[in-house]
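Notes follow the structure.
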Amino acid sequence: MRAIISVVGKDTVGILARVSSLCASCQVNVVDVTQTILQDMFAMVMMVDISKMTIPFAEFSERAADYGKEAGLVIHVMHEDIFNSMHNI
Amino acid sequence: MVNVNDIMETIQMIQEENLDIRTITMGISLLDCCDADIKRSCEKIYEKVCRKAEHLVKTGEEIEMKYGIPIVNKRISVTPIAIPLAVSGGNPLEYALTLEKCAGTCGVNFIGGYSVLVQKGFSAGDKELIESIPEALTVTEHLCSSVNVGSTRAGINMDAVKMMGRIVKRSAELTAQQDCIGAAKLVVFCNAVEDIPCMAGAFHGVGEPDCEINVGVSGPGVVRSALSKLPKDADLTEVADLVKRTAFKITRMGQLVGREASQMLDVPFGIVDLSLAPTPAVGDSVAHILEEMGLEMCGCHGTTAALARLNDAVKKGGVMASSHVGGLSGAFIPVSEDAGMIDAARCGNLSIEKLEAMTAVCSVGLDMIVIPGDTTPEMISAIIADEAAIGMVNSKTTAVRVIPAIGKQIGEELSFGGLLGAGPVMKVNYTKPDIFIHRGGRIPAPLQSLKN
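Listed in order, the protein sequences are those of chains Y and E.
Just add 16 to the spot in the first sequence (first one is 1) and you have our numbering.
Going by our numbering, 145 is the number at position 148 of the second sequence; the sequence numbering is gapless.
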């Protein structure tokens, strides 16, 4: 089971590190990362494996959003299926 | 990995273009709750509805978290209350209060099914139920009511139409202190559908399973935004193709959410209603889609053609995205729930007559229209009869949900709040249709051939 973490906001030091360590602390494995910086806006899409996640999905999602608020970023954690069903037949 | 652009597109649709799931509606049959004793009947209904829908709201919230998509309403629809009432007799208000109690216990936004189907005539309890509607909608908050007065196969029951003019007016009068909200929770149908997830018309037909999950999608903002990126000289074939592609994506969300909810609740998945349902929020308007197609303002000549184009493309795109499509399926045009319609009505560019023409080519009917408080019951009946005739002759569902603004005139407004929005009082035609309405009887079913 996989999920997509999307991060959008002003680029600062340690965004990737912070999000990765949140994943690590919950046994969420990072499978792939794509990131771009447009002017000074940071946009990252991270695909993670949540099959061994130690906390409920909702709690993980809340923790990520909380960190986002703290750091002035918009972070969403969404199950992979929403993208698959919307964009693939 | 899923394409990054696709991911960002989905996120943008949800975050900026108001993509959401309008409703997850659980349909619950009350046929096994009918009892000759009304008290016992109400107890059985309360027990069954609360047992079936116990986890509905919680499940909806879990799905919202998992996929990051808002599910605006969680609702329940039940078998038309006219059926248990026919068995038990007694005061119909007891059923209204029972359903309201169910809504409170389950935490849903609306409960629909204070309904009766009288397209051909009245059976036991039907008239009592209709007479009780104004009071039922006054003593409850979450209850919605619908009455089917006509169908293509049965014709129009003009006795019921005559009654409903009075009932609509009375519903508004009893709730005059709350902006006449009673009438906003009452809809009069022709060709009512049995699996509608959308309010106020939701009820669980007798041909439906014991319990099922139906989903209504939304997303006018997404369609408008997609169209805004088309060049202004793109032809209407391109417009239609783009609407189809966008409707496909929106409907896939509904299909995913419905399937997930049905698995989690262990209840069969019924249908996705391919509705483009607006909200009063800026950027979530069906009128703005029509304007994006190239109309200066909704209501001008060309509006009916643009809406027909939109409605057809939404269905074509949506049908392939879902395994079962049903409900009302099409673009909704509720005036008070749509920022663009409100603006057009305020400045007089959108009239009831134009809206009536629009209902011939789109999903429902004259919906959430505020009319002057001095509109007579006969005039309201005549509005209902006109709309029912359009539905009957064209083999489509039509409905009337007009709100007489008691004590108010043109230039004033009613504000319902929430999804129901706010609307200006619109002009009506005061020429009297009284003799026609008082004739009563039935309009015979129309010919199904020689179609011109």
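No residue lacks a Cβ here, since even glycine has one placed at the ideal position from N, Cα and C.
In chain E, which residues lie with their C-beta within 7 angstroms of the C-beta of Y:M94?
Y64 and G65
Please list the residues of the stretch -2 to 9 of chain E that have a C-beta atom closer than 9 angstroms to any C-beta atom in chain Y, keeping them in chain order.
M(-2), V(-1), N0, V1, D3, I4, M5, E6, T7 and I8
With H, G and I counted as helix, E and B as strand and the rest as coil, what does DSSP make of E:V144?
strand
Name the residues in the stretch 225 to 255 of chain E whose C-beta lies less than 8 angstroms from a C-beta of chain Y; which are they?
K246, R249, M250, Q252 and L253
Just confirm the distance between the C-beta atoms of E:L363 and E:V190, as a whole number of angstroms; I'd bet it's less than 8 angstroms.
Incorrect: roughly 17 angstroms between the Cβ atoms, too far for contact.
From Y:M17 to E:A386, what does the alpha carbon distance come to, in whole angstroms?
52 angstroms
Would you list, in chain order, the members of the stretch 34 to 62 of chain Y that have their beta-carbon closer than 7 angstroms to a beta-carbon of chain E?
D48, T50 and V61
What do you get for E:G458, buried or exposed, if any count of 16 or more other CB atoms within 10 angstroms of its CB means buried?
One cannot answer for residue 458 of chain E here, as it falls past the ends of chain E, which runs -2 to 449.
Among E:S225, E:D270, E:Q12 and E:I368, which has the Cα closest to the Cα of E:A318?
E:D270
Mind pulling the chain E residues with CB within less than 8 angstroms of Y:I98?
T7, Y64, G65, I66, M250 and L253
I want to see whether chain E comes within less than 8 angstroms of Y:I91, judged by CB atoms only; does it?
no
Supposed close pair E:M196, E:F266 - CB separation, criterion 8 angstroms:
At roughly 20 angstroms, the Cβ-Cβ gap does not stay under 8 angstroms, so E:M196 and E:F266 are not in contact.
Interface partners of Y:S67 on chain E, CB under 7 angstroms
Within chain E, no residue comes near Y:S67; the closest Cβ sits about 14 angstroms away, beyond 7 angstroms.
Between the beta-carbon of E:V220 and the beta-carbon of Y:F99, is there less than 8 angstroms?
no
Going by CA-CA distance only, name the one from E:E138, E:D238 and E:V397 that's closest to E:G314.
E:D238
How close, in whole Å, do the beta carbons of E:H201 and E:S38 come, if the pair is a contact with beta carbons under 8 angstroms?
About 16 angstroms separates the two Cβ atoms, so there is no contact after all.
Can you pull the chain E neighbours of Y:A74, defined as C-beta to C-beta under 8 angstroms?
E59, M62 and K63
So E:D156 packs on E:G418, CB below 8 angstroms; how close in whole Å?
With a Cβ gap of about 33 angstroms, E:D156 and E:G418 do not count as contacting.
How should E:H321 be labelled, buried or exposed, when 16 other C-beta atoms within 10 angstroms of its C-beta is the threshold for buried?
exposed
Complete beta strand (DSSP E) runs within the stretch -2 to 64 of chain E (minimum length 3 residues, chain order):
18 to 25
Beta-carbon gap between E:V184 and E:R398 smaller than 8 angstroms
yes
Considering only their Cβ atoms, is the gap separating E:I11 from E:I66 smaller than 8 angstroms?
yes
If you check the beta carbons only, do E:A354 and E:T395 fall under 8 angstroms apart?
no
So what does DSSP say about E:A189, is it helix, strand or coil?
coil
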